[in-house]
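Okay, structure first, notes after.
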Amino acid sequence: MHASVDSVYQYNKTAIFVVHCVFEVFNRKTMAARIDDLLLHDESTERDYLLDRNEEALKSMDTKSKDASKSCLTCCGNPYRIQFVIKSKGALIVLMWTFLLHCVIPISMSIHLLGLSINALRKKAHLPKYVSSIIYTTLFVLYPVMGWVADARIGRYRALKYSIMCIFAAGLCIVFGYSSHIVTYHVSHPFSFKLIAAVLLALGVLLNVCGFACFDANVIPFLTDQILGASGDKLSALIHWHFWLSAICAGINNIVQISSLVVSSRYLTFGTLLVHLVCTVIVLISCFTLKKWLDVTPKVTNPIKLIFKVIVYTVKNKQPRKPSAFVFCSNRIHSRIEYGKKIFGGPFSEEQVEDVKTTLRLLLFIFLSVAFGLQSNPFNYSKKLLQPNIKMTNFNRIVLSIAEDSAIYYSIFTIIFLTMYHTVLFPLFHKYIPSVLKRIGFGLMLTAISLLYLCLLDLTAQSTNKYKHDMCLLGNGNYTERNDVNLGFYWGLPAIFLRAFGEVFAATFSVEFLIAQAPEQMKGVMVFFSLSVSY
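Its first residue numbered 14, the sequence shown is counted upward by one per residue in the working numbering.
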């Protein structure tokens, strides 16, 4: 309708202008003046019409925005929505991958099965205790390496796809290896069959470590790639829900481990491995079939190479060089602008230099994660305290296992806190929520208070123990019966709660801060270098 009216106005204006030119030719000034008035009147009419249309459009936009704000109002009247539902299909797919792959993680189980198979080979052979520590340390060291491989070589989608394939192959090796171990355990079979079972389990452990290291190193950067251009609140909510799902998965893993105290360990182990294999198959199929909803644009850059080049150039060019403008290094004639850019400006853009400066600043923040990771773990201290004088039934054994398990406390606190944060705290008290750095500092303060509490508890324990020179709660040595502490089990609970609550703040919000501040091509390296150092 508006287009037809505009065309009519334009046509009338053109016709009047032609008639005006004709009367000017025949010196009909009176008629020309009248036509000028008509032309000016039409122009003013059209201008007024356009202004009226703009005012109507602005009024309609205001009414729509008011209606949208009313629909987003919470009970306190602030235009903030409860960020519980994620509308991005790609983000939901990646969160589904995280849940299915982490709900039953067979790394610790595969290490235990590998020890059983080695014990079956030779009765005196046992898997050393430090082997599991070496495997987990390798897993954490591989985090930044796999992040660099994805950022600089193959891209994040390919890295996730290859890691899922690796986890699937590891699941097959572990299932077949454990089946061979069950068959050959009670029956006298040749040594070669038992060796095959041990080799399959060892290969499964190796593939699991590589696969989960690559997946965990790239899932958060790839998750944030699915909502490029979104607001900071939506990005923070997405990272929080990733940690929320990870906490649920950690709780499921601990429930499975505790259930082994009641259910027969062999059936539970085999069922757990089959469930993990089925979940991996679902993730692998969705990785290929749901690709159209994912942002798989490769963003391959080498952040380490860029940082190295910028630092080397900065060191070599602390002071600006002052050569003659007429002295050239080759036979080709250079312009002064090209020569000046090459000598004084450097071969880097302003954006690249700013990315490197931001990365170097974030390294100071990452070193704080070292202090967080080096703090002693208070969850193990409860085992050195006096246990409750109760009858050790299956139920009581499960209760004590829950009380002594660190991951359960962290999972419970993460699930409760993030749910309350996005459903109550953020909608109602968003004006009073401190900045991200203050929240991280609060988490570090809680962990420091828990460590201080354990130091005071250690002094109290030494005063109640007759073997004072051999007793130390903060030590990591092997304790004998005479090192038992004459303190109740409940004395260790405050340190456990403080540590778990502080870890929720420090771990969750530090990843949120790094994702928001790190350059796009360096997210994979920075985030999981921080996680590997802190753990």
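Cβ atoms here follow ideal geometry from the backbone N, Cα and C, with glycine treated the same way.
Neighbourhood of residue i by C-beta, 7 Å cutoff - its chain only, sequence neighbours within 5 removed
| i | result |
| --- | --- |
| residue 283 | 191 |
| residue 462 | 511 |
| residue 215 | 127 |
| residue 255 | 108, 111, 233 and 236 |
| residue 430 | 517 |
| residue 113 | 292, 295 and 296 |
| residue 302 | none |
| residue 449 | 522, 525 and 526 |
| residue 452 | 518 and 522 |
| residue 62 | In this prediction, residue 62 has a pLDDT of 48, which is less than 50 and means its spatial position is unreliable; nothing more can be read from the coordinates. |
Among the options, nearest to residue i - alpha-carbon criterion
| i | options | result |
| --- | --- | --- |
| residue 458 | 266, 470, 173 and 519 | 519 |
| residue 533 | 316, 376, 206 and 472 | 316 |
| residue 195 | 279, 105, 460 and 377 | 279 |
| residue 505 | 521, 467, 370 and 542 | 467 |
| residue 267 | 437, 425 and 379 | 425 |
| residue 470 | 436, 377 and 508 | 508 |
| residue 311 | 162, 154 and 116 | 162 |
| residue 304 | 154, 318 and 105 | 105 |
Beta-carbon spacing of residue i, residue j below 8 Å
| i | j | result |
| --- | --- | --- |
| residue 224 | residue 262 | no |
| residue 240 | residue 525 | no |
| residue 217 | residue 187 | yes |
| residue 234 | residue 540 | yes |
| residue 227 | residue 183 | no |
| residue 177 | residue 300 | yes |
| residue 365 | residue 323 | yes |
| residue 313 | residue 165 | yes |
| residue 538 | residue 160 | yes |
| residue 309 | residue 175 | no |
| residue 193 | residue 219 | no |
| residue 371 | residue 320 | no |
| residue 115 | residue 259 | yes |
Residue i to residue j span [Cα, whole Å]
| i | j | result |
| --- | --- | --- |
| residue 287 | residue 189 | 11 Å |
| residue 423 | residue 514 | 7 Å |
| residue 441 | residue 222 | 43 Å |
| residue 306 | residue 473 | 59 Å |
| residue 207 | residue 249 | 50 Å |
| residue 285 | residue 447 | 42 Å |
| residue 210 | residue 329 | 57 Å |
| residue 374 | residue 361 | 19 Å |
| residue 428 | residue 363 | 42 Å |
| residue 522 | residue 231 | 18 Å |
| residue 54 | residue 367 | No answer about residue 54 holds up, because its pLDDT of 45 lies below 50 and its placement is not dependable. |
| residue 536 | residue 154 | 17 Å |
| residue 270 | residue 376 | 37 Å |
| residue 281 | residue 122 | 11 Å |
| residue 454 | residue 444 | 19 Å |
| residue 181 | residue 318 | 33 Å |
| residue 120 | residue 421 | 18 Å |
| residue 229 | residue 124 | 19 Å |
| residue 185 | residue 369 | 43 Å |
| residue 327 | residue 298 | 48 Å |
Same chain only: Cβ atoms within 6 Å of residue i, ignoring 5 sequence neighbours per side
| i | result |
| --- | --- |
| residue 101 | 239 and 240 |
| residue 117 | 285, 288 and 289 |
| residue 438 | none |
| residue 456 | 515, 518 and 519 |
Cut-off 8 Å between Cβ atoms - residues of its own chain near residue i, not counting five sequence neighbours on either side
| i | result |
| --- | --- |
| residue 432 | 257 |
| residue 542 | 156, 157, 160 and 379 |
8 Å Cβ cutoff, residue i in contact with chain C
| i | result |
| --- | --- |
| residue 300 | Here there is only one protein chain, and chain C is not present. |
Three CB pairs or more closer than 8 Å across the region 524-531 and the region 238-257: Yes: at least three Cβ pairs fall under 8 Å.
Would you check if there are 3 or more beta carbon pairs closer than 8 Å linking the region 146-165 to the region 280-294? Verdict: no, contact absent.
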